[in-house]
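Heads up: the protein sequence lines correspond to chains V and Y, in order. For the first sequence, counting from 1, position 92 maps to 92 in our numbering; every step adds exactly one. For the second sequence, counting from 1, position 438 maps to 438 in our numbering; every step adds exactly one. Think of the CB as a built atom: it goes at the ideal place given N, C-alpha and C, for glycine as much as any other residue. Heads up: the structure comes next, in structure tokens.
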Amino acid sequence: MNKRNVLDYGRCISCRSCIAACFYSHNAQDHLEASSVLTNIVLQMNCRHCEQPLCEAACPQEAIKRRDDGLVIRSNIKCSGCTSCAQACPFGAIDLEKTRHTMPKCDLCDWRTSEGKETMCAGTCTSGARTFEDISDMDAQKGRPMRGARSVEKTVRRER
Amino acid sequence: MPETKKANCLFCSLQCGLGFEIDQGVPVRIEFDAESPLSRGSLCARGHYNQELLLHPRRFLGATINRRRVPWSTATTKIAGRLSEIRSASGPDSVGVVVGTELSNEDYEAAVAFARDVLGTKNIAVAYDGNDYPFLMGGGAGDAEPTDLDDADCFVLIGDVFWGHPCVAKRVIEARHQSRSNAIYTMNPYRTNTDWFADGHITVAPDAEPVALAAILKGMNAQGAPSVPSGKLAEVSDLTQADVASVASSLKEHKKVVVIATSRLGDSTSAYLTAKLARKLAKAAGGKYAPLFRGGNAIGAFGRVGSDVTVPKIMEGVAAGGIKGLLVFGPDVAQLYPGTVSQDDLEKLELLAASAIFENDMTKHGDVGLPQSVWTEYDGTYSASFGQASKIAAVVDPQGDAKPVSAMLEAIAIELAGSLSRTAAAAEHTELEIDVPAALARIGGVGAGIVLVEGTNPLHRWEGTITGRMTFPQRQKPYCELWVGEGTAARLEIESGTSVALSTDRGETRIIATVTDRMPAGLVAVPSYVPDARGLMVWTVNAGTRWYDVSASGASLKAEG
Chain V
1 MNKRNVLDYG RCISCRSCIA ACFYSHNAQD HLEASSVLTN IVLQMNCRHC EQPLCEAACP
61 QEAIKRRDDG LVIRSNIKCS GCTSCAQACP FGAIDLEKTR HTMPKCDLCD WRTSEGKETM
121 CAGTCTSGAR TFEDISDMDA QKGRPMRGAR SVEKTVRRER
Chain Y
1 MPETKKANCL FCSLQCGLGF EIDQGVPVRI EFDAESPLSR GSLCARGHYN QELLLHPRRF
61 LGATINRRRV PWSTATTKIA GRLSEIRSAS GPDSVGVVVG TELSNEDYEA AVAFARDVLG
121 TKNIAVAYDG NDYPFLMGGG AGDAEPTDLD DADCFVLIGD VFWGHPCVAK RVIEARHQSR
181 SNAIYTMNPY RTNTDWFADG HITVAPDAEP VALAAILKGM NAQGAPSVPS GKLAEVSDLT
241 QADVASVASS LKEHKKVVVI ATSRLGDSTS AYLTAKLARK LAKAAGGKYA PLFRGGNAIG
301 AFGRVGSDVT VPKIMEGVAA GGIKGLLVFG PDVAQLYPGT VSQDDLEKLE LLAASAIFEN
361 DMTKHGDVGL PQSVWTEYDG TYSASFGQAS KIAAVVDPQG DAKPVSAMLE AIAIELAGSL
421 SRTAAAAEHT ELEIDVPAAL ARIGGVGAGI VLVEGTNPLH RWEGTITGRM TFPQRQKPYC
481 ELWVGEGTAA RLEIESGTSV ALSTDRGETR IIATVTDRMP AGLVAVPSYV PDARGLMVWT
541 VNAGTRWYDV SASGASLKAE G
């Protein structure tokens with residue numbers, strides 16, 4: 001499957017609906033890491049479901065596998081919570097779920113996307129910042145005019 | 001085989017559509033409703049609470065008398081009996097009914113019929129949240145429809161529209177970016193996330209929106225535009241006369257202007273004027289007006305329950321002892337309007353009967369508690385913003401013994417009068433008599449010292465009694481925070497992420513501070529969904545608006561440790 005979550009950060013209003021959607025649809029365990037960049041500006045770290053996943057290579061339990069359809073899925077049963085995958089991920093998309101000692105990880109809402117629906121985070125997005133799109137033709141993405149609505153200047157004051 | 005049932009969220013007046021995947025009578029997942037006219041499938045964080053709300057383990061699910069579990073019929077018989085005694089002894093106006101803003105239109109019709117025909121009392125009022133009531137009195141329910149958002153080329157957003165009502169953001173942002181010449185103007189006391197998207201952001205002192213709106217109306221030569229006292233505009237906003245001329249000209253040049261406004265806690269006269277002038281602005285620009293309300297069915301309530309008697313009047317009646325029996329359906333009045341009624345006042349009542357989704361101060365300190373259905377557990381119609389009507393068909397059976405308010409009223413009415421017949425008559429609201437020039441002249445700037453303003457949080461709604469019980473917002477770290485400006489923080493030696501003591505004449509609480517360049521000097525945004533912070537503010541009755549003014553006097557901040 002060549003669809004991935006795409007984030008047009010210029011449209012994000014940092015309402016955290018994506019994180020809530022992930023949380024409630026994954027048994028109260030969200031897989032969408034978010035960092036506060038500045039005051040209440042939330043930047044979500046998407047799992048890219050990489051072609052050569054470093055998390056899979058790092059996992060000593062073989063709990064993470066890249067499937068034939070391109071999804072990189074973690075097995076809850078095999079995961080021991082060693083955090084190797086979190087350390088290996090170059091995007092910071094995995095973090096330790098401290099309450100359960102396992103590593104929650106984006107599963108691209110497999111139960112929905114396998115039926116042609118969008119991911120929960122993309123479906124819920126209130127500003128249109130998150131979409132679930134076919135990225136197979138990456139060249140078509142280049143030069144796409146940013147649909148974003150705000151500039152860094154408007155987000156961060158230039159003058160003190 | 002799981003099936004998907006559609007419903008509407010009622011955490012704000014957008015009433016976004018959503019679906020529930022139901023498996024053997026249990027709502028197992030939330031689904032999106034792409035056919036929902038306004039949200040088109042989007043759902044904010046609060047929308048996702050709709051599932052947890054249905055299955056919440058701490059829901060109030062059994063009728064109680066003095067907090068002891070009893071059968072329904074015992075509870076309603078007790079209520080009917082006490083009401084009859086009180087009315088016989090002290091007359092029909094010794095009883096009152098208060099309804100929340102998350103009930104169905106049918107619930108309101110039943111409540112009006114119950115108060116008028118069964119009790120014979122005129123004491124029925126809606127417990128609006130924030131300044132929803134003066135907003136409704138000032139500008140009504142608006143005239144915009146969802147399709148107006150598609151081809152609008154200019155938006156005026158008053159208040160933190162995107163964080164208060166996130167699902168409208170996509171429509172506004174998409175419309176704005178159809179063309180370079182489209183524009184968004186925003187108006188707020190500090191730089192909110194809505195203001196990130198502004199082509200022009202107008203900073204006004206809290207409650208000073210009417211001054212800015214009046215100035216712009218004057219700049220547009222709009223008929224009936226009120227005059228702004230000389231020097232007032234500079235005192236309360238960052239608008240210069242050149243800015244006013246520029247905005248006025250821009251609004252007149254754009255083909256379709258949509259004014260979207262949402263209120264915050266504060267001065268009710270100002271809220272009334274903001275709505276009135278925002279509607280006038282939309283009309284002057286040949287556009288549409290869309291007010292957004294905190295109460296999910298505030299519009300439905302306003303259309304059915306008149307307001308010659310409002311909640312402040314009923315609470316005054318309780319405090320004075322004139323009202324001896326009170327029925328409260330939905331809201332926790334003590335938490336919604338802190339300090340307006342004391343525990344002593346409530347205990348003086350000869351009958352306090354309350355229904356709620358979760359146990360609250362009303363059900364705990366009252367004589368009779370009735371478990372109330374969530375809106376997705378019974379069939380009902382609701383009136384949303386943008387002229388929409390939502391029709392909810394129950395997605396699951398009510399949990400435990402929970403019932404809709406109309407069923408409660410019917411059961412009590414049968415004991416008192418034999419029946420309850422509902423009529424769908426439009427409510428009457430006597431116009432407010434507000435001296436607009438005098439009101440504008442009274443509006444002031446931030447001044448010296450600390451001024452508290454309500455901060456919006458996209459994860460919370462109402463006074464926090466429902467959203468505060470949801471798992472997702474509880475996991476946020478910190479759970480709540482106040483925002484303070486860099487200059488003020490430096491002066492008070494406050495560091496971001498540390499605990500501060502926030503105090504007013506009413507008391508003190510501790511809260512995490514976030515230092516940000518978004519806040520003008522002296523202004524501090526506080527979370528009103530936290531009872532401790534909410535309780536530091538004062539609700540005083542404004543006779544002119546028949547509502548409450550909310551303010552905080554003696555506000556101060558102190559770094560801890």
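| Item | Value |
| --- | --- |
| Buried/exposed call for P166(Y), threshold 16 Cβ in 10 Å | buried |
| Residues near Y108(Y) in its chain [Cβ-Cβ closer than 7 Å; skip 5 each side] | V99, G300, A301, R304 and V305 |
| Terminal residues of the beta strand (DSSP E) in which V368(Y) lies | V368 to P371 |
| Exposure of S207(Y), with buried meaning 16 or more beta-carbon neighbours within 10 Å | According to the sequence shown, residue 207(Y) is Asp rather than Ser. Classification of D207(Y): buried, given that the 10 Å Cβ count is 16 or more. |
| Ordered list of alpha helix (DSSP H) runs contained in the region 54-135 of chain Y, each at least 4 residues | 72-90 and 105-113 |
| Beta strand (DSSP E) runs contained entirely in the region 253-285 of chain Y, provided each spans 3 or more residues | 257-262 |
| T516(Y) (DSSP reduced to helix, strand or coil) | strand |
| Proximity to T194(Y) [Cα-Cα], best of L7(V), P60(V), C12(V) and I73(V) | C12(V) |
| Unbroken beta strand (DSSP E) run spanning R66(V), endpoints | I64 to R66 |
| DSSP state of H201(Y) mapped onto helix, strand, coil | strand |
| 7 Å Cβ shell around A113(Y) - same chain, five flanking residues per side excluded | L420, S421, R422 and T423 |
| Contact set between the region 111-131 of chain V and chain Y, restricted to residues whose Cβ is under 7 Å from the partner | G123, T124, C125, T126, S127 and G128 |
| Bridge partners - P27(Y), DSSP secondary structure assignment | I22(Y) |
| Own chain partners of P520(Y) with C-beta closer than 8 Å, once the 5 adjacent residues on each side are dropped | P189, Y190, T203, V446 and G485 |
| is_contact[W72(Y), chain V] using C-beta, thresh 8 Å | no |
| In DSSP terms, what A7(Y) is bridged to | L18(Y) |
| Beta-carbon proximity check, R264(Y) vs N131(Y), cutoff 8 Å | yes |
| For T126(V): DSSP bridge partner residues | Its beta-bridge partners do not exist; DSSP assigns none. |
| Short Cβ contact (8 Å threshold) for K5(Y) with G25(Y) | no |
| Beta carbon of L523(Y) nearer than 8 Å to that of V453(Y) | yes |
| Whole-angstrom C-beta distance between Y289(Y) and A144(Y), which should lie under 8 Å | 6 Å |
| Selection of the region 326-357 of chain Y by Cβ proximity to chain V, strictly under 7 Å | none |
| Beta carbon proximity, C15(V) to chain Y, threshold 8 Å | yes |
| heavy atom of the ligand GDP below 7 Å from A319(Y) C-beta | Among the components modelled here there is no ligand, and therefore nothing to report on the ligand GDP. |
| Own chain residues within Cβ distance below 6 Å of F329(Y), not counting five before or after | V99, S355 and V405 |
| Beta-carbon spacing of P229(Y), A407(Y) below 8 Å | no |
| Neighbour-count burial assignment, T39(V), 16 or more Cβ in a 10 Å radius | Confidence is the limiting factor: at T39(V) the pLDDT is only 49, short of 50, which leaves the residue's position unreliable and the question unanswerable from this model. |
| Cβ neighbours of F60(Y) in the same chain (closer than 6 Å, five flanking residues each side left out) | A356, F358, E359 and P371 |
| Identity of the residues DSSP links to E235(Y) by a beta bridge | Per DSSP, none; premise fails for E235(Y). |
| Closer than 8 Å to chain V by CB, S42(Y) | yes |
| Identified DSSP bridge partners for D344(Y) | Partner(s): none; D344(Y) has no beta bridge. |
| Top-ranked residue by Cα proximity to V211(Y), from V236(Y), W196(Y), G219(Y) and H201(Y) | V236(Y) |
| Chain V residues whose Cβ lies nearer than 7 Å to that of Q51(Y) | Y24 |
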